[in-house]
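Residues 0 to 183 (numbering that gives the first Met the number 0) are what the sequence shown spells out, left to right.
Note sheet for the following structure.
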Amino acid sequence: METIQERLTADLKEAMRAGDKRRLETIRGARAALQNAQLEVAKQQYDAAVRAAEQQYADDPAGREAAIAAISADGHTPLDPEAQQAVIAREIKRRYESVEMYRKGGREELAAQEEAEIAVLSAYLPEMLGADEVRPQIAALIAELGLSGAASMGKLMPVLLERYKGRAENRVLSQVARELLAGA
């Protein structure tokens, strides 16, 4: 199965050939975000290895230096598919926030650009469940947990976020839960 990074690389070439500037820039941004996430993971792994070496060789400065020098600082450690999806989902969420701000500021053309980018990035994530698809399941969960009223959101949301992680957008879950709890 092809990873998100591999699909982005192939689609980048396709967008270049087609001269699709919006798609090209969006894909470049997504690739940069994935690369930054890779570097952050590599940095965390390196830092953890250094801490372990420092603890292991606390009484041996020469051994500590040799162990630290032997640690690889490879920034090309591939992200697992879930981490790649999380990066793309963060990029989409960032754009949704921008759309809101642009609309509040009366900048409809910029909001439309962000929405176009959302459409491009959404193709790299699995199909998300919509509000109509999760509504009956959330209603059943609310009944099962015996929740009612808006004050129950704090108890319901952690369960929903865990159950629908990667299958439904958090804002959709929140919106449906709020509607159902208000009507309960």
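The beta carbon of each residue, even a glycine, is placed where N, CA and C say it ideally should be.
With a cut-off of 8 Å on Cβ pairs, the segment 29-36 is in contact with the segment 7-14, counting three or more such pairs. For R177, same chain residues with a beta-carbon under 8 Å away, outside a window of 5 residues either side, are A149, M152 in chain order.
With distances taken between CA atoms, L146 lies nearest to A181 out of L124, Y163, A181, E126. If you check the CB distance, D73 and A41 come in under 9 Å. When the five nearest sequence neighbours on each side are left out, no beta carbon in the same chain lies closer than 7 Å to the beta carbon of A122.
For the pair L179 and A138, the CB atoms are nearer than the 9 Å cut-off.
Taking K154 as the centre and dropping the five residues before and after it, the same chain places the C-beta of L144, L146 closer than 8 Å to its C-beta, in chain order. One alpha carbon belongs to Q112, the other to D58, and they sit about 58 Å apart. In the structure shown, L128 adopts extended strand secondary structure according to DSSP, grouped into three states. When DSSP states are grouped into helix, strand and coil, A167 belongs to the strand group.
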